[in-house]
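According to the working numbering, the sequence shown is numbered sequentially starting from -16. Let me begin by presenting the structure, written as structure tokens, before commenting on it.
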Amino acid sequence: MSSAILDDIKSVVYNMGAKITHEYSLIKGFTMDASDELLPRLKQKLLEIENTFGYRVHLERDSEVHSFRSHDESLEKGEHS
-16 MSSAILDDIK SVVYNMGAKI THEYSLIKGF TMDASDELLP RLKQKLLEIE NTFGYRVHLE
44 RDSEVHSFRS HDESLEKGEH S
């Protein structure tokens, strides 16, 4: 994905009322805050961008990420540290 297309996507997100909260430097991506009411319209617009430019745009809810398997297993057992 070119930087120009990513900039266009960020402009769409901003103009629709979402707030970009972080831009990644190692991967082409960013995080944003958006209301639940905005998400259906935003998803539709991102689908249009995918169809027009042929790039896959991935949208996911923010969640905790862990890199250690033992941590994941302890959570499954209900052990919290």
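The beta carbon of each residue, even a glycine, is placed where N, CA and C say it ideally should be.
Sort 36, 44 and -13 by Cα distance to residue 11 and report the nearest one. For the set 36, 44 and -13, the Cα lying nearest the Cα of residue 11 is the one of -13.
Mapping the DSSP letters down to three states, classify residue 32 as helix, strand or coil. Note: residue 32 maps to helix in three-state DSSP.
Can you give the beta carbon distance from residue 24 to residue -16, rounded, assuming they're within the 8 Å contact cut? Taking the Cβ atoms as the reference, residue 24 lies roughly 22 Å from residue -16, outside the contact range of under 8 Å.
Measuring alpha carbon to alpha carbon, tell me which residue in 38, 37, 43 and 35 is nearest residue 22. The residue with the shortest Cα to Cα distance from residue 22 is 43.
According to DSSP, is residue 10 part of a helix, a strand, or is it coil? In the three-state reduction of the DSSP assignment, residue 10 falls in the coil class, being assigned neither a helical nor a strand state.
So residue -5 packs on residue 28, CB below 8 Å; how close in whole Å? Here residue -5 really is in contact with residue 28; their C-beta atoms are around 6 Å apart, less than 8 Å.
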